[in-house]
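Down below is the structure, laid out as structure tokens.
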Amino acid sequence: MSAEAEIGQLLDAWATAVRAHDLDGAARGRSPDIVMFDVPEPLQAQGIDAYRDTWTLYFGDPGSRRFALHETHIVAGEDVAWVRALLLCTTDAAPAGRLTMGLRRRGGHWVVEHEHHSFPMAPASPGA
479 MSAEAEIGQL
489 LDAWATAVRA
499 HDLDGAARGR
509 SPDIVMFDVP
519 EPLQAQGIDA
529 YRDTWTLYFG
539 DPGSRRFALH
549 ETHIVAGEDV
559 AWVRALLLCT
569 TDAAPAGRLT
579 MGLRRRGGHW
589 VVEHEHHSFP
599 MAPASPGA
């Protein structure tokens, strides 16, 4: 199986776990030292425990059962890879979020070391 296919399976399992509110599944495949930049507070989570805490907060949102990746692009070398995708996790009317990930191959498995979620914002009005 190609590295891109392995990473694609990791992403599919992650999205499925998030939709199911499966905290262990959402954290699977993450480095113990993961750094995640997120939209709601806390804006930065460092380490697997802090990463898990962000998902606990997200799972408390009534709309959190929607979570899907689109336009996923994976580039993988021998031991380093990155991912970019559009992230749909609210209503159909909401703009898609953006996801970027940095991964490393450790012990024969791909592990997410860096994860960044962002959402587009309207520019501030002049004089605001």
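What the sequence shown shows, in our numbering, is residues 479 to 606, in sequence order. For each residue, glycine too, the CB sits at the ideal point set by N, CA and C. Note that the structure is predicted; figures quoted are calculated from it, not measured.
Can you name the start and end residues of the alpha helix (DSSP H) that residue i belongs to?
i, result
"Ala559", "Not the alpha helix (DSSP H): Ala559 falls in the beta strand (DSSP E), residues Val558 to Leu566."
Under 6 Å: does the beta carbon of residue i sit that close to some heavy atom of the ligand MN?
i, result
"Asp531", "With respect to the ligand MN, the structure shown offers nothing to examine, as it has no ligands at all."
Please name the residue or residues paired with residue i in a DSSP beta bridge.
i, result
"Glu593", "Met514 and Met579"
Restricting to Cα atoms, I'd like to know which of the options is closest to residue i.
i, options, result
"Arg582", "Gly575, Glu593, Ala574 and Arg576", "Glu593"
"Gly586", "Val513, Gly507, Leu489 and Arg530", "Gly507"
"Phe515", "Trp533, Gly503, Leu501 and Asp502", "Trp533"
"His551", "Val561, Gln522 and Phe545", "Val561"
"His548", "Met599, Glu484, Thr578 and Ser480", "Thr578"
"Ala493", "Arg584, Pro520 and Ala563", "Ala563"
"Leu521", "Ser509, Pro510 and Leu535", "Leu535"
"Leu566", "Val558, Ala559 and Gly575", "Gly575"
"Ile485", "Val558, Phe537 and Ala546", "Val558"
"Glu556", "Asp531, Arg584, Glu519 and Gly538", "Arg584"
"Asp491", "Phe545, Pro518 and Asp531", "According to the sequence as given, residue 491 is Ala; it is not Asp. Comparing Cα positions, the closest option is Phe545."
Less than 8 Å between C-beta atoms, sequence neighbours within five positions excluded: which residues of the same chain meet that for residue i?
i, result
"Arg543", "Arg497 and His499"
"Ile512", "Ala523, Gln524, Gly525, Ile526, Tyr529, Val590, Glu591, His592 and Glu593"
Within the same chain, show all residues whose beta-carbon is closer than 7 Å to that of residue i, passing over the 5 residues directly before and after it, in chain order.
i, result
"Asp527", "none"
"Thr598", "Here residue 598 turns out to be Pro, not Thr, going by the sequence shown. Hits under 7 Å: Pro573."
"Glu482", "Ile552 and Ala554"
"Ser509", "Val589, Val590 and Glu591"
Please go through the same chain and pick out, in chain order, the residues whose beta-carbon is closer than 6 Å to the beta-carbon of residue i, but skip the five residues on each side of it.
i, result
"Ala495", "Gly503 and Ala504"
"Phe537", "His499"
Segments of 3+ residues assigned as beta strand (DSSP E) that fall wholly inside the stretch 479-563: Correct list: 508-515, 522-524 and 546-554.
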